[in-house]
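Novice: Please see the structure below; I have some questions.
In our numbering, the protein residues as written are 3 to 150.
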């Protein structure tokens with residue numbers, strides 16, 4: 003199906019190209035054989051000049067369109083670059099905040115460790131005070147028995 007459609011359209015295009023080639027060849031032969039009058043030559047020259055002017059006009063339009071597209075891309079790239087810079091600066095600020103928080107957590111952890119050590123020392127001292135208190139009570143009880 004598709005092959006037939008493609009081959010038939012290719013055949014049509016080749017016939018069109020052949021017909022145009024023959025017409026152009028006849029025109030060139032007529033011009034070379036001087037069978038064309040001066041008026042016809044003037045018309046052909048005028049048509050060629052018009053075609054060249056149209057071609058240059060379309061080339062100019064294409065060039066200005068390309069320049070506009072380029073300028074648009076450059077503007078988009080500069081906007082993307084500015085957005086990326088602002089995002090990077092925001093990330094840097096957030097990273098600094100995280101670093102400060104981790105430093106604060108380390109300080110709190112160190113304080114917690116010190117408090118645990120103080121509690122251990124207080125616990126040891128409290129235990130020693132209880133032993134000393136018990137020894138004093140027993141010594142006082144012995145003294146009371148001796149004096150009694």
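Ideal placement from N, C-alpha and C gives every residue a C-beta, glycine not left out.
To the nearest angstrom, report how far apart residue 132 and residue 112 are at their CA atoms.
Specialist: 30 angstroms
Novice: Please state whether DSSP places residue 67 in a helix, a strand or coil.
Specialist: helix
Novice: Is residue 168 helix, strand or coil when you go by DSSP?
Specialist: Not covered by the structure: residue 168. The range shown for the chain is 3 to 150.
Novice: Whole angstroms is fine: what's the gap from residue 71's alpha carbon to residue 79's?
Specialist: 12 angstroms
Novice: With DSSP collapsed to three states, give me the class of residue 88.
Specialist: Residue 88: helix per DSSP, three-state reduction.
Novice: What does the alpha-carbon distance come out to for the pair residue 144 and residue 138?
Specialist: 10 angstroms
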